[in-house]
Structures are given as structure tokens and as C-alpha cells.
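Asks: Quick note on our numbering: the sequence shown kicks off at 1 and runs consecutively.
Mind having a look at this structure? Questions to follow.
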Amino acid sequence: LILCQDQRMSVITGAMIEWAENPAILSEACRVLGNALASEAKTVETTGIMEIVLKAMHKHPNSEDLQGNGCGALGSLLFQGNSKERFVTKLDGLTTIAAAMKTLPGNARLQGLGCVVMSILSKLPELKDHLIEAGCVELAVAAFRLHKNAQNNHAKVIKDLAPKITSCLMKA
């Protein structure tokens, strides 16, 4: 059975709605979404996906896997060109990412993926104030300080992106 990308997204999000109380299933669904979107060359229809991922992250704030995979899925959605402004202003997605990073500071994977999302958003001048208000500078600095000596891939992402986020947001 071969499903087109839009059908796969529909199946995955349907499972997320059906199993909304199960953080393990939600986490795996977010991982699959993130990977599928990252490997897709064209932008796919993603209406409602951000909302479903954010709802899952809100419902299970202490699930490290779900928070990390949710950040990964959101990063893939945003990288694909989905509405960054809508993500921040209408869906309050930045607050969700910030809360995950504050709740689970010792999780290098989550911190790295959170920095990826912040980095994507920090490139848009119109979102600068939102990023500063959400505490992204402090979160990037905290992630950098806590994980600067780690040698894993996520720590490398943090070490690369945290100074860029801070520099971008601190410019007048």
C-alpha cells in the first residue's frame, strides 16, 4: 500500500486525534510527521497539523519524547514555509516551544530542536518582538550554557544556533 504525502498526513493526524490521551503514540506520530515533512521536496497541505501537534504538546507537557518530537515536527512545518506569523500570533506556538524548553532544560534533543524553531522564526523581523517577549534570548543562552560541553548532535545544533538567535534578536 502506497499513500501519497497528503494521505499519510491525514492518517497520522487522524491517529493523533484518536489517541490524544497517549503521549507515546503522539510522540511517535510527531516523529513520523517531522521526518516525512523534512524529506518532502514540495510543500504539502498542512492545514490543521500545527494545531494538532501543539494541542498534543499542551496536553502532555512532561513527556520528553513528545515535546522533542513535537518541536521537530513544528520545525519541519515551519522550514517548509508554512505560516510562521500565524504560528506565533494566532496559534501561540512560540509559547508552547518556550514552555517545553523551560520545563525540560536537561533534554539536549528538545533544546536543540527548540533552537531550530527559534532560529527559523528569528529570521523574520516582524516576529522579533514576539521572540523577545517569549524569552527566546534567555532560553537560547540557557541551552547553550547547559549543553556547551556535550558532544552529541543536538548540543552541536545548540552551540551553532544559540549565538545566532541571541545576536539576531539583540540587534537594534
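Note that beta-carbon positions come from the ideal geometry of N, C-alpha and C, so glycine has one too.
None of these values were measured; they are calculated from a predicted model.
Between the segment 97 to 111 and the segment 57 to 68, do three or more beta carbon pairs fall short of 8 Å?
Replies: A contact exists between the segment 97 to 111 and the segment 57 to 68.
Asks: Can you look up D92 in the DSSP assignment and give me helix, strand or coil?
Replies: Three-state DSSP puts D92 in coil, outside helix and strand.
Asks: Would you say A108 and A73 are within 8 Å of each other, going by their C-beta atoms?
Replies: Cβ atoms of A108 and A73: not closer than 8 Å.
Asks: Tell me the residue span of the alpha helix (DSSP H) that contains A20.
Replies: Unbroken run through A20: none, as it is neither H nor E.
Asks: In the DSSP assignment, the alpha helix (DSSP H) including Q151 goes from what residue to what residue?
Replies: Run containing Q151: none; DSSP gives neither H nor E here.
Asks: Please identify the residue among T96, K148, H154 whose C-alpha is closest to the C-alpha of L113.
Replies: Comparing Cα positions, the closest option is H154.
Asks: Less than 8 Å between the C-beta atoms of H58 and T13, yes or no?
Replies: No, the pair does not count as a contact, with Cβ atoms beyond the cut-off.
Asks: Could you tell me the distance, in whole angstroms, from the CA atom of T166 to the CA atom of K156?
Replies: If I take the Cα positions, the gap works out to 16 Å.
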